[in-house]
Amino acid sequence: MSEEKSSELKPPAGPPAPEPPAGDDPGTQALSEALRSSFFIIQIIMVLLVVMFFGSGFFTVKEQYKAIKLRMGKPVGEGEGVLIEPGAHFAYPRPIDEVTNIPFSLVQQADSTVGWYQSPEDRAKNPALQAPPTQPLDPASTISYMLTADTNIIHLAASATYRITKPITFYFDFADTAQFITNDLNNALLYAASRFTVDDILSKQPAAFRGMVEARMRELVEQQGLGITVERVEPRSSAPGALLSDFNKVTQASTEHDTILSQAEIYRSQKLGSARGQMVARTNTAAADTKRMIGLVGAEQTNFSRLLGDYERNPALVTSLLQAETFKRVWANAQFTSVLPDLTNSSMRFHLGEPLTPLTLSTNEPSP
Amino acid sequence: MKRSPLTIVVALLLIAIFGLMLFVFQVRKSEVAVVTFWDRMELDNTRTNPGPHLQWPWPIERVYKLDSRVHSLEDNLEQLTLPDNTSVMLGTYVGWRIADPAKFFPKFENGSVAEAEKQLVGIVRSAKSEVASGHVFSDFLSTDQSQLKLTQIENAILQSARGKVASSNYDYGIEIRFVQIKNIELPTAVSQTVFDRMKQERNKLASAIKSDADSRSSVIRSDADSAALTLLAEAEARAKEIRGEGQLAMVQSLKVMDQNPAFARFLMDLDMLEELSKDKTTWILDHNTTGLELLQAAKPPGPASNAAVPAHN
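In the order they appear, the protein sequences are chains D and U.
Per this note's numbering: the first sequence ends with 376, consecutive numbering throughout.
Per this note's numbering: the second sequence ends with 315, consecutive numbering throughout.
Okay, structure coming up:
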């Protein structure tokens with residue numbers, strides 16, 4: 009019985025159980041057999057644990073990511089060799105090795121946190137531009153704003169997209185790189201706003217403003233060595249809510265300004281076009297008249313030369329002939345012809361509007 | 003006593019792990035470690051190189067790990083009065099790191115970064131006030147870029163803060179890497195004044211834009227009228243010139259008619275008469291008109307009368 013107790017107290021992971029002495033009772037033999045099998049199971053478990061321990065070191069790096077392996081806290085490799093490419097890799101389990109996955113080629117985004125009337129969280133929830141509040145601006149409130157070069161108040165926000173290009177710097181030199189990026193974006197907005205007027209930002213030079221915000225952002229990131237490359241900065245702006253109607257008045261006036269100038273330009277274009285048309289018409293008419301006149305004179309000259317000989321021989325006859333010939337044509341074309349009575353010894357009065365009553369030779373008017 | 007080799011290996015492994023845990027600690031790349039001996043700082047008690055380092059087991063030596071990366075610290079908006087009696091609210095952010103763990107650790111409980119930042123906020127605030135007192139409002143915001151000194155102000159705050167942390171009063175083993183302004187705002191009362199001014203400016207601007215449009219439109223229209231008149235005058239002159247050239251050519255070609263001007267005149271009169279009577283002409287003739295003599299009693303033939311009077315309707 010005491011032997012049984014001592015066997016029970018043996019630790020399970022201890023040395024192999026001794027062979028039971030021959031001739032032991034069956035109970036002792038059974039216990040001994042049970043211990044042996046238990047110890048075998050423990051051995052298998054231990055082997056499995058060791059296998060799992062080393063097997064847990066396999067890891068994969070996803071596409072768009074790279075990884076850095078720290079062995080006892082120190083990066084494995086030198087320079088670019090520190091970065092582990094996508095695929096399957098092995099690392100010793102912690103605390104020997106530690107693997108950090110880095111979204112290397114993923115484009116990431118940072119949002120400014122000052123200058124706008126909504127918090128970045130609210131902005132993310134409602135991406136559509138909400139109207140700014142009309143209440144007075146209090147620096148203690150969550151409604152933030154910025155000041156422009158002409159000391160006006162404006163709401164400004166910006167989003168920056170960036171990629172991590174120096175992962176070691178990004179992860180091991182800065183405690184919260186994302187916070188620095190956000191604040192650099194805030195500073196870039198402030199820097200650009202201090203150089204642009206409110207109208208430049210809102211309507212006149214938004215592209216130049218965006219360019220300056222982006223340039224300043226890149227400059228800061230470079231100066232501070234954050235290990236990122238800024239892809240793009242997209243600012244947005246809004247007039248203060250309390251002055252929206254006043255800003256709209258200016259916008260409306262600007263639109264009207266453009267319309268009025270556009271109408272004036274149209275007027276100028278039409279006026280000059282018409283004048284040019286008239287100019288061409290007048291000169292063409294003059295040229296045509298001249299040409300026709302010269303043609304007529306030429307014909308007259310030919311006619312004169314042809315008839316001159318006959319005329320010199322018998323002027324009266326030629327004159328009468330020509331006159332009669334002409335009269336025939338003239339009267340044939342006349343609308344109305346009247347022949348007056350002999351007025352040798354009397355006077356003649358015309359009564360305008362009254363029909364002439366004398367002898368009518370002929371009329372070409374159709375009969376009523 | 004027979005031992006399985008596997009058991010021995012496992013046992014050695016466990017001993018090795020236990021020994022490593024007791025005698026070795028690792029410093030990550032982003033950390034520095036401070037090792038105390040019986041809780042007392044000794045010379046050469048910092049480990050700044052990443053990798054494994056030896057230690058005596060606790061409680062003989064105790065290892066404190068400090069984050070050696072650059073930390074971000076933001077201060078609240080603080081109202082500052084500038085020399086031109088303008089009040090502004092200035093907020094900054096600072097990038098700082100533990101440069102000397104041996105100096106940093108004894109100053110703050112367990113090397114607490116939060117405690118250090120409390121001190122740092124005061125230093126930056128003091129530097130900010132000091133620098134702002136030397137600048138007027140137009141140094142912060144101006145349409146004239148030559149007047150702007152925003153970057154210089156940031157640098158001045160940085161230098162002032164660096165000077166303070168380097169002085170014996172604040173020798174915390176901290177390095178300030180950069181100071182940037184995060185936002186500039188105005189006190190509530192001032193912002194209301196700015197609103198009022200902006201409102202007036204907007205109204206003035208709207209009126210100015212309208213009157214500018216009207217005046218420029220008038221100029222464009224009158225310029226167009228004037229240019230059109232000029233063009234027409236030029237056209238008239240050119241037409242006259244063309245006609246003159248034609249008349250000259252005509253006169254030259256009439257030289258043939260000098261042989262008998264009376265006959266030439268007669269022919270031209272006939273042409274003119276025919277030309278005149280082309281369109282709806284009413285003729286009032288007397289009986290002496292050539293060709294109408296037949297309408298009266300027979301007379302001896304004589305020169306024809308030319309009493310035809312054409313009249314146009």
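Don't be surprised by glycine CBs; every beta carbon is placed ideally from N, CA and C.
At a beta-carbon threshold of 7 Å, the residues of chain U lying near asparagine 195 of chain D are Gln182, Ile183 and Lys184, ordered along the chain. Boundaries cannot be given for histidine 289 of chain U, as no alpha helix (DSSP H) includes it and DSSP labels it neither H nor E. Put simply, of U:Glu117, U:Lys242, U:Ile125 and U:Ser279 the residue whose alpha carbon is nearest the alpha carbon of alanine 294 of chain D is U:Lys242. In chain D, no part has a C-beta under 7 Å from the C-beta of glutamine 57 of chain U; the shortest such distance is about 13 Å. Checking the DSSP bridge columns, you'll see valine 241 of chain D partnered with D:Ala168. For aspartate 214 of chain U, the closest Cβ of chain D is nearer than 8 Å. For methionine 301 of chain D, the C-beta contacts it makes with chain U under 8 Å involve Gly248, Gln249 and Met252, in order along the chain. Nearest in C-alpha terms to serine 6 of chain U, of all of D:Asp33, D:Pro34 and D:Ile50, is D:Ile50. Threonine 195 of chain U has no beta-bridge partner at all, per DSSP. Counting only residues of its own chain and dropping the five nearest sequence neighbours on each side, lysine 109 of chain U has a CB closer than 6 Å to the CB of Tyr174.
The Cβ of methionine 287 of chain D sits closer than 8 Å to at least one Cβ of chain U. Between alanine 251 of chain U and the set D:Ile302, D:Ala215, D:Leu228 and D:Asp297, the nearest pair of CA atoms involves D:Ile302. Here methionine 23 of chain U is exposed, its C-beta having fewer than 16 other C-beta atoms within 10 Å. Boundaries of the alpha helix (DSSP H) harbouring glutamine 187 of chain D: 185-201, taken from the DSSP string. The alpha-carbon of leucine 197 of chain D is positioned some 53 Å away from that of isoleucine 62 of chain U. Chain D has no Cβ within less than 8 Å of the Cβ of histidine 137 of chain U.
If you look at proline 54 of chain U, you'll find it in the beta strand (DSSP E) that goes 53-56. Interface annotation, valine 107 of chain D: not in contact with chain U, CB-CB separation never under 8 Å. Here the segment 149-166 of chain U does not lie against the segment 163-173 of chain D, with fewer than 3 beta-carbon pairs under 8 Å apart. Per the coordinates, the alpha-carbon of valine 11 of chain U lies some 28 Å from the alpha-carbon of lysine 82 of chain D.
Using a 10 angstroms sphere on the CB of aspartate 198 of chain U, the tally of other CB atoms stays under 16, which defines it as exposed. By the rule that beta-carbons nearer than 8 Å mark a contact, tryptophan 339 of chain D touches chain U. Around the C-beta of threonine 283 of chain U, 16 or more other C-beta atoms lie within 10 Å, and the residue is accordingly described as buried.
Using a CB distance cut-off of 8 Å, methionine 274 of chain U does not count as an interface residue toward chain D. For threonine 88 of chain U, no alpha helix (DSSP H) segment is defined, and its DSSP state is neither H nor E. With a beta-carbon spacing of about 4 Å, proline 140 of chain D and glycine 249 of chain D fall inside the 8 Å limit used to define contacts. Ranked by Cα distance from glycine 219 of chain D, the first of D:Val238, D:Gln231 and D:Asp33 is D:Val238. For the pair leucine 150 of chain U and arginine 203 of chain D, the CB atoms are nearer than the 8 Å cut-off.
Runs of beta strand (DSSP E) with 3 or more residues, each lying fully within the segment 83-138 of chain D, are found at 95-98, 105-110 and 116-119, listed in chain order. Residue contact check for aspartate 69 of chain U against chain D: a CB pair falls below 8 Å. Taken through DSSP and simplified to helix, strand or coil, glutamine 81 of chain U comes out as strand. The continuous stretches of alpha helix (DSSP H) do not include tyrosine 66 of chain U, which lies in the beta strand (DSSP E) extending over residues 63-69. When the beta-carbon positions are compared, isoleucine 100 of chain U and valine 26 of chain U stay at least 8 Å from each other. Unbroken beta strand (DSSP E) runs of no fewer than 3 residues, entirely contained in the segment 82-161 of chain U, are found at 89-100, following chain order. Taking 8 Å as the threshold, the shortest C-beta distance from arginine 30 of chain U to chain D falls below it. Taking the Cα positions, phenylalanine 61 of chain D is about 41 Å away from threonine 190 of chain D.
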